[in-house]
Structures are given as C-alpha cells and as structure tokens.
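Okay, structure first, notes after.
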Amino acid sequence: MTFTQVYNKLLKHYGHQDWWPAKTSFEVMVGAILTQNTAWTNVERAIARLESRACLTPQAILDAPLSELTECLKPSGYFNLKAQRLRNYCQWYINAGELPCLSCIDTDALRKQLLMVNGIGPETADAILLYAFERPVFVIDAYTRRIFSRLKLLAGDAPYEVLQDQFETGLQTDVAVFNEYHALIVCHAKDACKKCPGCIDCCLSYICPSCKR
DNA sequence: TACCAGGAGAAAA
DNA sequence: TTTTCTCATGGT
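Just so it is clear: in the first sequence, position 16 is 68 by this note's numbering, and no numbers are missing.
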C-alpha cells in the first residue's frame, strides 16, 4: 500500500475532518502548544478559559499575571510548563512581527525560528506551520509512527525528519492534503480498537495481532 | 486503580 | 549520543 492509497481509504472511511478546530490562526498556535501530550478535550477547556478572560491574544498572554495564566491552563495539564512555553512563544511571535511579517518568510527559515523557541519541538512547530501558516509540511506524531510502522510503510523508530521526508516525497506537495491526512490519522487512531491501543481497524485491511479483530 | 492523551527539554547514563 | 525522567489534569 502507498501513502496515497492509505489517504484515500481513510478519507473515504471518515470523510473530511475540517481541521484545525480554531477560530483564528493564533488560536491554532495556542492549541498546538497546549495539546502537547494532552487530550484535545482538555485543551478546549483551557482555550475557553483564556477566551473568557480575554487572554487569547499574544500581548494579553504576556500581560496576564502568571497565576491567572496557569489558572486558565490547568485543565490542559502541565500548566506551569505550558504557561512558560506559551509566553516564550508569544514573545517570539510579537518580536517577529506576527502573521503579516512571518508570512513573508521562507518555510525552512520559519521552521528553524520556531524550533529555537523553548518549548516548541518538531511536532508542535510543524503543526503551527501547517495549520496556522498553511505551509506544506507533514506533521509526524506518535499515531503516525504507530500506524505506518504497522503498515510497514515506515520505520517507527526513525528520526522525526526522516519520517517527515518519506511522507513528503511519497505525496504530492499540497497543504490541503497534508492538513487532511494528519487529521485523518488522528481520527483513525482514536477510532481504532479500544481494547488494543494502537491497533488499526479494518478500514486499512489490517488485523490486530493482539485482539485478532 | 491504572493508563493514556494530538511532546519537549533537562538530566543522567 | 542515547535513554530516562519530569511536567499534571481529566477521561475511560
């Protein structure tokens, strides 16, 4: 099976996902940081708290007392860590001139800048690049490693950039496809057999070796 | 009760 | 250089 064939099967099975679930590009950025090792439902609560306190702008996040910021972030877990990471990101974002200036920067250069912000790793940087800046970069997450190593399309333990390169060369360079594909992978992973975390359901013609479903 | 969730960075080996 | 530990809440 090829990357394109998997994509087509997932799309046919689950339909369009309409990602990223956010009202603004800055909200996408905030969500990308808050979702680190955290279920999205908890991130939604934290974002709602930020919004209710008018803290959903970069300057408001920097101006808010740390205690208020951590209080907003509590539902998403790691609140002390994420408060600092969010502030680091907002400081960089404002200094860099925000969306109008950053939109003019080459994707590779922008990615390097993002990775220099403490708290922004490869996956978070790529989620921001793809879903907020609409750049054609493929997001590799734990689900992608698990599913595609089981399909024997990837080596699950390979470095992040190696896997990303394999995806990007195996697909047409298309922001819309990269956007949809990652969303479908997450959707599929959540839908997979609950008794056997990580197994792949029948829509990919794979029988879980543990549960024999 | 235990485990997992849309990771990243620091510390230890 | 690679592996392990820490951060933390909420749902199942």
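Even for Gly, the Cβ is constructed at its ideal location relative to N, Cα and C.
Nothing here was measured: the structure is a model prediction, and the numbers come from that model.
Rounded to whole angstroms, what's the CA-CA distance from Ala-235 to Thr-87? Just pull it up for me.
Their Cα atoms are separated by approximately 14 Å.
Which residues in the same chain as Ala-177 place their Cβ atom closer than 7 Å to its Cβ, once the five residues preceding and following it in sequence are excluded?
Here the set comprises Arg-163, Leu-166, Leu-167.
Unbroken alpha helix (DSSP H) runs of length 4 or more, entirely within the region 128-181: which are they?
Complete alpha helix (DSSP H) runs here, min 4: 131-147, 150-154, 159-167.
Residue range of the alpha helix (DSSP H) that Leu-86 falls in?
Taken as a continuous stretch (DSSP letters only), the alpha helix (DSSP H) holding Leu-86 covers 77-86.
If you reduce the DSSP assignment to three classes, tell me which class Gly-208 lands in.
Coil at Gly-208, not helix or strand.
I need the DSSP call for Gln-224, collapsed to helix, strand or coil.
Three-state result, Gln-224: coil.
Do you know offhand how far Pro-188's Cα is from Arg-101's?
Distance between the alpha carbons of Pro-188 and Arg-101: 31 Å.
Using a Cβ-Cβ cut-off of 8 Å (strictly less than) and excluding sequence neighbours within five positions of Ala-106, which residues of its own chain qualify?
Counting only Cβ-Cβ distances below 8 Å, and skipping sequence neighbours, we find Ala-112.
Could you name the residues of the same chain whose beta carbon sits closer than 6 Å to that of Asn-170, not counting the 5 residues immediately before and after it, in chain order?
Closer than 6 Å at the Cβ level, and outside the excluded window around Asn-170, lie Asn-140.
Report the rounded CA-to-CA distance for Thr-93 versus Ser-128, giving the unit in angstroms.
Rounded to whole angstroms, Thr-93 to Ser-128 spans 8 Å at the Cα level.
Who are the near neighbours of Thr-159 in its chain, counting only those whose CB is closer than 6 Å to its CB and skipping five residues on each side?
Closer than 6 Å at Cβ, skipping near neighbours: Arg-187.
Quick one: grab the DSSP three-state call for Ala-235.
Looking at Ala-235 - three-state DSSP - the assignment turns out to be helix.
For the alpha helix (DSSP H) that contains Trp-71, what are its first and last residues?
From DSSP, Trp-71 is part of no alpha helix (DSSP H); its letter is neither H nor E.
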